[in-house]
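Let me begin by presenting the structure, written as structure tokens, before commenting on it.
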Amino acid sequence: MVPLSYYLILGGILFACGVTGFLIQRNIITIFMSIELMLNGVNLSFVAFAAQWHALSGQVFVFFVMVVAAAESAVGLAIIIAVYRNRETLNVDRINLLKL
Amino acid sequence: MTPNLHLWLIPLLPLVGAVVNGMFGKRFSRQTVSGVALTFSGAAFAKVLVIAAQFSSLNLPHVETVAAWIRAGSFQADFAFYLDSLSLVMLLVVTGVGFLIHIYSIGYMWEEDGFYRFFAYLNLFMFFMLTLVLASNYLVMFIGWEGVGLASYLLIGFWFTKDEAASAGKKAFIVNRIGDFGFLIALFLMIQHFGSLDFTQVFQIAYSRNVESGIGLLTLIGLLLMVGAAGKSAQLPLYVWLPDAMQGPTPVSALIHAATMVTAGVYMVSRSHLIFERAPLAMMVVAIVGTLTALFAATIGICQTDIKKVLAYSTISQLGYMFMACGVGAFSMGIFHLMTHAFFKGLLFLAAGAVIHSVGGEQDMRKMGGLRTKIPWTFWTMTAATFTIAGFPPFAAFFSKDAILYQAFVSPYGSWVYWAIGVLTAFLTSFYMFRLWFLTFFGEYRGEEHSSHDEHGAASHGHGIHESPKVMLIPLVILAVLSICGGWIGSERFDKFLAPALHSDSAVMESSAAAHAEPPVSETLLSGVSILAAIGGLALAWLLYLRRPQLPQEIAHALGGFYEAVVNKYYVDELYAVLFVKPLLDGSTKILWQGIDRDVIDATLDNSAEGSRKVSDTVRHMQSGNIRSYAGWVAAGAAAVIVYMVWMGTR
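Here is the structure:
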């Protein structure tokens with residue numbers, strides 16, 4: 001049996017990759033994918049804990065997170081398309097209409 | 101079974117008049133405004149007359165509760181009205197004289213702007229004054245007490261565009277506050293120790309106590325009540341507002357500052373007589389204050405040249421007599437003098453108003469003279485009033501003033517000193533009143549010629565000295581008749597009428613009854629002395645102002661500094677300015693305004709605003725608009741939270 005710590009370390013690495021990508025990438029779609037990466041890092045630790053403690057609630061949470069992430073992707077991609085149609089760019093640094 | 105008299109109607113009627121005139125008067129014609137004012141004040145008078153007619157069949161004191169007002173624990177104060185012989189006399193005076201002055205005002209104020217405003221205020225005053233007089237507890241009385249102060253303020257400052265009038269109004273209001281402060285503390289003491297402000301209950305408790313020899317609770321309450329009365333009734337040392345109050349229109353001076361409002365203090369002291377009778381020390385203070393005020397104001401009155409100022413000081417002096425009467429335990433005589441004073445002083449002011457009216461607004465007596473033949477009606481009514489106030493028999497004030505002087509001599513509280521000062525004051529009163537009379541009506545006219553010498557010649561004849569319209573003369577005549585006959589009731593009968601309201605069967609009164617049985621001096625003798633004083637005043641005034649008009653100048657020169665002091669009203673106003681007004685003003689300016697307000701309160705706010713602006717200025721750079729830096733902050737924050745949690749977990 002794979003020890004719990006392996007899962008957690010992998011989850012942590014996934015999350016750290018997500019954060020790093022989120023912070024350094026400029027393309028909005030890459031940022032979006034980084035978010036998914038962070039979510040999946042969290043999901044992994046959820047299921048790892050669920051298996052360790054034989055508790056179902058962790059798995060139920062994962063389903064919730066996946067559903068919400070799917071919904072978020074649908075809305076987010078729609079927004080990205082709308083942004084691209086208006087600004088013809090996906091660089092977040094140039095999408096700064098709200099800035100004074 | 102006593103019938104319901106609907107006492108609440110009496111004060112409410114003038115209030116309705118005030119509201120109607122105050123809210124819609126601007127659009128009314130002058131006729132309508134005066135109609136409304138007269139209807140409502142007249143209706144109140146009629147209502148009082150109806151009550152007076154059935155008075156003998158009433159069960160006294162007659163108390164009517166209109167509504168509950170304050171109920172806090174065991175303390176209770178209701179909107180309730182209280183009728184007994186004392187309030188009936190006051191009601192008759194207030195509504196009767198008030199109604200006459202309303203009539204007079206129509207003529208006097210006809211040309212003025214703000215005609216409706218004047219009558220609205222006048223009716224408002226009647227409302228508050230009647231509330232004061234009819235109140236059944238000290239709290240309702242206090243409403244009226246403050247209300248008349250408000251009406252007085254509004255009416256003194258009626259010509260508010262004139263600086264002196266506006267500040268005179270303020271002065272009256274502020275000086276009255278000092279008195280009201282004493283009154284309020286007295287009320288608080290009553291609530292604390294008696295648990296009630298209701299007349300019946302308070303007096304019952306006061307009555308059940310022993311006569312205090314030193315300073316006890318009742319003495320303290322009595323003294324504080326006297327402070328209130330001194331403010332409202334312009335006694336030493338709070339009299340300074342009344343002479344300035346003459347800036348108001350003359351009918352106001354007649355109604356508020358002579359006949360009714362200023363006598364509220366006398367009424368209040370008489371109403372509280374059961375408290376004062378248990379506190380001989382307070383009584384003595386009342387008597388001394390009254391006596392000194394009478395003399396003090398009379399001496400100032402001698403040297404005034406403004407016809408209304410003379411009357412103002414005369415009012416203060418006469419009020420002093422009333423307090424002297426209260427202070428020696430002759431409360432009914434105080435009220436008797438209050439009534440006759442309302443007649444003759446109201447008349448004097450109205451007649452003075454007619455004189456001022458006829459010479460085109462001039463108030464300086466030195467510029468009058470010889471008006472006897474030009475305004476005969478005014479002259480004759482003024483003559484009646486002058487002889488009355490001087491104390492000639494058989495005019496009204498002879499009876500009331502004489503009764504006071506007699507009581508001051510024989511009453512167990514009295515002393516021959518009060519009497520002597522009283523007689524001296526009577527002499528001075530007679531002198532300054534006849535001075536006014538001679539200066540105004542006799543000799544040559546000393547003012548500017550209005551009709552013959554100016555360029556308009558005959559065309560402006562109507563602007564010359566002319567008799568006042570009938571609407572002003574009729575009240576004068578009625579008041580003149582009252583001034584002459586008002587005293588014929590006789591002090592004995594008046595005393596008996598007021599007895600249920602003003603007498604207690606205490607030991608003091610019994611000893612006073614014993615004194616009555618065996619008076620140390622005969623009343624006739626004392627009357628003789630005061631008549632002599634009156635004649636002396638007349639003779640001296642005649643000598644100085646008609647026979648040898650240059651003599652007053654010489655005397656003034658001979659007296660030098662003292663004369664200067666009297667002309668300048670003993671520098672009391674200046675003294676108060678140095679003692680109270682200037683320190684207060686300087687303190688407010690330097691400490692409260694520039695010190696605390698500007699350097700502490702304002703500075704705190706300014707500095708904290710400046711500080712938060714600086715902090716914001718540095719912090720605002722976080723808000724770069726760069727989405728990744730935001731995300732970085734979020735990540736850093738999350739990391740910090742995690743570190744904190746881990747640290748908490750491992751501890």
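These protein sequence lines are chains P and U, in that order.
So in our numbering, spot 40 of the first sequence is number 40, and the numbers just go up one at a time.
To convert a position in the second sequence, counted from 1, into our numbering, add 100.
Here a beta-carbon is modelled for each residue, glycine too, at the ideal position from N, C-alpha and C.
Item                                                                                                                        : Value
Beta-carbon contacts of P:M38 that lie in its chain and below 7 Å, excluding the five residues immediately before and after : F15, G18 and V19
Chain P contact for U:G749 (CB, 7 Å cutoff)                                                                                 : no
DSSP-derived helix/strand/coil call for U:R217                                                                              : helix
Chain U contact for P:V19 (CB, 7 Å cutoff)                                                                                  : yes
Min CB distance U:I727 to chain P below 7 Å                                                                                 : yes
Contact residues within the region 709-735 of chain U, judged by C-beta distance below 8 Å to chain P                       : G725, N726, I727, R728, A731, G732 and A735
Rounded Cβ spacing between U:A412 and U:M346 (contact assumed at less than 8 Å)                                             : 5 Å
N-terminal and C-terminal residue of the beta strand (DSSP E) that U:T165 is part of                                        : H162 to A172
Exposure of U:L582, with buried meaning 16 or more beta-carbon neighbours within 10 Å                                       : buried
Beta-carbon proximity check, U:A430 vs U:S417, cutoff 7 Å                                                                   : no
Span separating the alpha-carbon of P:A69 from that of U:Q723                                                               : 28 Å
Own chain, CB closer than 6 Å to U:F283, minus 5 neighbours either side, in chain order                                     : G328
Bounding residues of the alpha helix (DSSP H) (the contiguous stretch that carries U:A709)                                  : A703 to V719
U:S552 (DSSP reduced to helix, strand or coil)                                                                              : Note on U:S552: pLDDT 40, under 50, position unreliable in the model; no value is reported.
Sub-7 Å separation of U:Y513 and U:V428 beta-carbons                                                                        : yes
Same chain only: Cβ atoms within 8 Å of U:I475, ignoring 5 sequence neighbours per side                                     : A454, V455, S458, I565, H566, E567 and S568
Option in U:M439, U:I291, U:P600 and U:L149 with minimal Cα separation from U:G587                                          : U:M439
Beta-carbon separation (whole angstroms), U:S296 vs U:V302, contact threshold 8 Å                                           : 6 Å
Residues bridged to U:F179 (per DSSP)                                                                                       : U:A167
The region 174-187 of chain U / the region 314-324 of chain U touching (three or more Cβ pairs under 8 Å)                   : no
Contact set between P:F22 and chain U, taken where Cβ atoms lie within less than 7 Å                                        : A731
Where U:T745 falls, given that 16 or more other Cβ within 10 Å makes a residue buried                                       : Here the sequence assigns Met to residue 745 of chain U, which means Thr is not the residue at that position. Exposed, since its Cβ has fewer than 16 Cβ neighbours within 10 Å.
Any chain U beta carbon closer than 7 Å to P:V92                                                                            : yes
Rounded separation between U:L381 and U:S370 - CA only                                                                      : 16 Å
Cut-off 6 Å between Cβ atoms - residues of its own chain near U:G557, not counting five sequence neighbours on either side  : With a pLDDT of only 37 at U:G557, under 50, the local geometry of the prediction cannot be trusted, and no value is derived from it.
Beta-carbon separation (whole angstroms), U:S530 vs U:A634, contact threshold 8 Å                                           : 4 Å
Three or more C-beta pairs below 8 Å linking the region 332-351 of chain U and the region 372-380 of chain U                : no
Cβ neighbours of U:G207 in the same chain (closer than 7 Å, five flanking residues each side left out)                      : S568, P569, V571 and M572
Three-way DSSP call (helix, strand, coil) for U:D502 in this model                                                          : helix
Cutoff 6 Å; reference U:A617; Cβ partners in own chain excluding five residues on either side                               : Low local confidence applies: a pLDDT of 49 at U:A617 is under 50, so the model's placement there is unreliable, and no value is given.
Classification of U:H202 by the beta-carbon crowding that lies within 10 angstroms, buried from 16 upward                   : buried
Three-state class that DSSP yields for U:A143 in the structure shown                                                        : helix
Classification of U:F58 by the beta-carbon crowding that lies within 10 angstroms, buried from 16 upward                    : Nothing can be reported for residue 58 of chain U: it is not among the residues displayed for chain U, which extend from 101 to 751.
U:Q304 versus U:R378: straight-line alpha-carbon distance, rounded                                                          : 12 Å
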